[in-house]
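Undergrad: In terms of the UniProt record's numbering, the sequence shown is numbered consecutively and its last residue is 353. Okay, handing you the structure first.
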Amino acid sequence: MDKVWFAGLCRYLSFLASVVFVLPGTVVAQHNLWYNFTVMAQDGSVQPTFFAEGRLDGQAFLRRERGTVEPQGLWAKNLSTETWRKETKDLKEKAGGDRGTWGLEESLPARGAGLHSLQEIVSCEMGEDSHPRGVRRLYYDGELLLSCGLETHGCTVPQASAQTLALEMEKTCDMDELSRHYWAHVRGELCAKLQGYLKSWTSFTERTVPPAVTVTCSQALEGTDNLTCQAVSFSPQNISVAWYQDEKAVSPDTQQSGGVLPDGNGTYQTWVTLRVPQGEEQRFSCHVEHGGNHSVHAVPCGPRLQYVKVPRLGSNRSCSHQPTPEPQQRGIWSPMRGSHPQNMEVPRLGVKS
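Put into structure tokens, the structure is as follows:
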């Protein structure tokens with residue numbers, strides 16, 4: 001194995017130890033901050049794309065591909081322009097510009113023709129005691145090559161995985177120097193950045209963003225309708241969405257809830273569905289409580305959505321169930337006639353007598 005490659009690899013590891021990212025987080029018992037750096041080589045030559053991704057608790061907040069750093073999620077997008085300018089500048093300088101090669105032509109060995117990858121995964125955890133816990137692993141073609149632990153302040157080469165590459169690297173690289181780089185990076189910069197951004201993330205999540213509420217009515221089984229109340233883009237996640245009949249709360253056992261789920265942009269969404277007899281829709285209303293505010297949302301007056309094989313356009317726009325002649329018409333469903341149905345083959349608008 002070419003020793004020049006391992007020398008380049010050691011410089012690459014030192015480079016990764018110096019990369020600093022803006023890290024989000026919340027003040028809870030523990031957070032997992034995860035980063036993936038990958039460079040690819042095709043038939044011995046490094047491709048111009050250097051890929052970087054940052055994740056917090058499984059959600060992406062940073063992504064770099066083809067020379068462009070993009071914030072992921074509402075929190076990251078609301079950071080100051082100066083913050084992202086600095087992050088972009090630092091990463092671009094470390095990566096040697098848009099080509100992202102910083103001498104990696106000699107850092108990837110010639111393992112024969114085909115696609116090869118060099119991947120670095122770094123994670124940092126911090127609990128209530130503010131004690132950083134970090135792990136750093138290097139993979140070549142999916143094989144574990146190097147593992148560093150913040151608790152032990154050391155890096156080890158696994159003997160059972162990628163033995164030939166790992167053992168040669170251990171002879172070529174200064175493992176103590178790699179350990180010092182990693183320890184200084186995690187303790188002095190990476191987790192220190194995390195502590196600074198905990199306040200920013202906490203302030204962001206504690207802000208109050210009122211929900212956007214939509215109530216829809218669609219045909220269920222024969223003689224019944226589904227009433228769905230959906231609340232989206234709200235924060236914080238504490239919310240109450242419930243159906244009322246004649247101003248009295250409907251039993252939760254008869255309501256189907258989707259739970260409160262993250263939107264992936266720092267806000268949340270939820271929905272509650274209730275099945276009611278046709279003709280009684282106007283007796284029901286959706287009550288939403290969020291951030292100390294209470295709102296009531298009536299069932300919209302208009303044609304119901306029905307499941308049929310052939311689209312037909314009905315002309316009855318009232319909520320009553322009076323018989324109305326319905327013209328037969330084959331054609332394209334028009335969104336001007338009502339809300340687009342979900343989870344149905346072909347919509348038909350109109351009220352069936």
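Ideal placement from N, C-alpha and C gives every residue a C-beta, glycine not left out. Computed from a predicted model, the values in this text were never measured in an experiment.
1. Can you tell me the Cα-Cα spacing of Q119 and S233, whole angstroms?
2. Below 8 Å between beta carbons: does that hold for R66 and L91?
3. Nearest-angstrom Cα distance between A60 and G54?
4. Below 8 Å on the Cβ atoms is my contact criterion, and I expect W243 with L227 to pass it. Report the Cβ-Cβ distance as a whole number of Å.
5. With H, G and I counted as helix, E and B as strand and the rest as coil, what does DSSP make of R85?
6. Could you please give the first and the last residue of the uninterrupted beta strand (DSSP E) stretch that includes L227?
7. Apart from the five residues just before and just after E70, which ones in its own chain have a Cβ nearer than 8 Å to its Cβ?
8. Look at the alpha carbon of V135 and the alpha carbon of L146, and state the distance between them as a whole number of angstroms.
9. Ordered along the chain, which non-local residues of its own chain (more than five positions away) have a Cβ less than 6 Å from that of E289?
10. Does the stretch 80-90 come close enough to the stretch 269-285 to have 3 or more Cβ pairs within less than 8 Å?
11. Within this structure, are the beta carbons of V213 and A192 separated by less than 8 Å?
12. What's the call for residue 369, buried or exposed, on a 16-neighbour Cβ count within 10 Å?
13. Which residues in the same chain have their Cβ closer than 7 Å to the Cβ of G149, if we skip the five residues on either side of it in sequence?
14. Have a look at the DSSP bridge pairing and note the partners of A242.
15. Would you identify the three-state DSSP class for E53, choosing helix, strand or coil?
16. Write down the C-beta distance between V215 and T267 rounded to the nearest angstrom, noting that I regard them as a contact closer than 8 Å.
17. Since A212 is in the beta strand (DSSP E), which residue starts that stretch and which ends it?
18. For the beta strand (DSSP E) containing L144, list its first residue and its last residue.
19. So, for F204: in the same chain, excluding its five sequence neighbours on each side, which residues have a beta-carbon less than 6 Å away from its beta-carbon?
20. What is the residue span of the alpha helix (DSSP H) that D74 lies within?
21. Return the CA-CA distance between M40 and N293, expressed in angstroms with no decimal places.
22. Could you check if H31 belongs to the surroundings of the ligand HEM, using beta carbon to heavy atom distance under 7 Å?
23. Going by the beta-carbon positions, is the gap between P236 and E280 smaller than 8 Å?
24. E65 lies in the beta strand (DSSP E); which residues open and close that run?
25. Taking Cβ positions, are G223 and P277 nearer each other than 8 Å?
26. In this structure, does DSSP put E280 in helix, strand or coil?
27. So, under 8 Å CB-CB, S123 and D141 are touching, yes? Tell me the CB distance rounded to an integer number of Å.
28. So, with DSSP's three-state summary, where would you put S203?
29. State buried or exposed for V296, treating a residue as buried only when at least 16 other CB atoms are found within 10 Å of its CB.
30. Can you tell me which of G264, Q195, S251 puts its alpha carbon nearest to the alpha carbon of Q30?
31. Compare the Cα-Cα distances from D253 to each of K89, E247, T273, N265 and report the closest residue.
32. In terms of residues, what are the limits of the beta strand (DSSP E) holding P71?
TA: To lay it out plainly:
1. Computed Cα separation, rounded: 35 Å.
2. Between R66 and L91, the C-beta spacing is not below 8 Å.
3. Whole-angstrom Cα-Cα distance: 6 Å.
4. Yes, W243 and L227 are in contact; Cβ-Cβ is about 7 Å, under 8 Å.
5. In the structure shown, R85 sits in a helix (DSSP, three-state: H, G or I).
6. L227: member of the beta strand (DSSP E) spanning 224-234, first to last residue.
7. So the list reads L62, R63, R64, once near-sequence residues are dropped.
8. Approximately 11 Å between the Cα atoms of the pair.
9. Non-local C-beta neighbours of E289 in its own chain, meaning closer than 6 Å and more than five positions away in sequence, comprise S240, ordered along the chain.
10. Too few Cβ pairs lie closer than 8 Å, so no.
11. Contact: no.
12. Nothing can be reported for residue 369: it is not among the residues displayed for the chain, which extend from 1 to 353.
13. Counting only Cβ-Cβ distances below 7 Å, and skipping sequence neighbours, we find V135.
14. When DSSP reads this structure, A242 sits in a beta bridge with H287.
15. Reduced to three states, the DSSP call for E53 is strand.
16. In fact, because the Cβ distance is near 19 Å, the residues do not count as touching under 8 Å.
17. Its beta strand (DSSP E) spans residues 212-219.
18. Here the beta strand (DSSP E) through L144 covers 143-149.
19. Counting only Cβ-Cβ distances below 6 Å, and skipping sequence neighbours, we find W75.
20. In the sequence as presented, Asp is not what sits at residue 74; that position holds Leu. Looking at the DSSP string, the run of the alpha helix (DSSP H) that includes L74 is 74-77.
21. When rounded, the distance between both Cα atoms is 52 Å.
22. Only the bare structure without any ligand can be found here, which leaves the ligand HEM out of the picture.
23. Result no, Cβ atoms of P236 and E280 do not sit closer than 8 Å.
24. Note, E65: beta strand (DSSP E), 59-65.
25. Yes; because the gap between Cβ atoms is below 8 Å, this pair is in contact.
26. Coil.
27. With a Cβ gap of about 21 Å, S123 and D141 do not count as contacting.
28. Residue state, collapsed to three classes: helix.
29. With fewer than 16 Cβ atoms within 10 Å of its Cβ, V296 is classed as exposed.
30. If we check each option's Cα against that of Q30, Q195 comes out closest.
31. Looking at the Cα atoms, T273 is the closest of the given residues.
32. Its beta strand (DSSP E) spans residues 68-71.
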